Amino acid sequence: SGSSSRTALGRSSTNLELTGLVLGSEGCLGVVTSAVVRVRPLPEATEYESVVFPGWTAGATFMREVARLPAALRPASCRLMDSKQLKLSQALREDPSQGLRGQLRTGIKLAWLRANGVS
């Protein structure tokens with residue numbers, strides 16, 4: 001029989017991460033000192049497309065290639081979602097043909113998500 005040893009590590013949820021407060025896209029205390037805003041004209045046409053990949057790695061590779069396209073060929077928006085995210089977005093989609101009933105149903109779904117810690 002072998003022996004084992006354990007090392008006690010603090011849980012990340014109980015420790016204060018100072019770098020997380022300042023750095024990163026979600027930093028709370030960072031100060032923006034300058035910003036570049038690029039304005040583009042509205043497109044002549046709007047098209048929506050979907051692509052299904054055999055796995056997350058293939059999708060991430062595709063996204064990397066899209067980011068490398070010349071600006072004139074890049075889409076205005078491109079998202080990579082897994083099946084859970086897709087199902088959630090479909091479930092929360094408002095159906096205008098349902099009128100007040102559809103709005104109420106959407107409101108109930110959003111309230112449930114907020115109550116369960118999903119924002």
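Per full-length UniProt numbering, the very first residue in the sequence shown carries number 1; after that it's consecutive.
Positions of the beta carbon are idealized from the N, C-alpha and C atoms, including for glycine.
Quick caveat, the model's predicted, so the values are computed rather than measured.
Over what stretch of residues does the alpha helix (DSSP H) that includes residue i continue unbroken?
i           : result
T57         : W56 to A67
residue 123 : What is shown of the chain runs 1 to 119, which leaves residue 123 out entirely.
Consult DSSP for residue i and reduce its assignment to one of helix, strand or coil.
i    : result
S89  : helix
L73  : helix
T106 : helix
L100 : helix
S50  : coil
S83  : helix
Excluding the 5 residues preceding and the 5 following residue i in the sequence, name in chain order all residues of the same chain whose CB lies nearer than 8 Å to its CB.
i    : result
L110 : L92
A60  : L80
V37  : none
Go through its chain and collect everything with a Cβ distance to residue i's Cβ below 6 Å, but skip five positions before and after it.
i   : result
V66 : C78
Residues in the same chain with beta-carbon distance under 7 Å from residue i, minus the five sequence neighbours each way, listed in chain order, please.
i   : result
M63 : C78 and L80
Would you check if there are 3 or more beta carbon pairs closer than 8 Å linking the segment 53-72 to the segment 96-110? no
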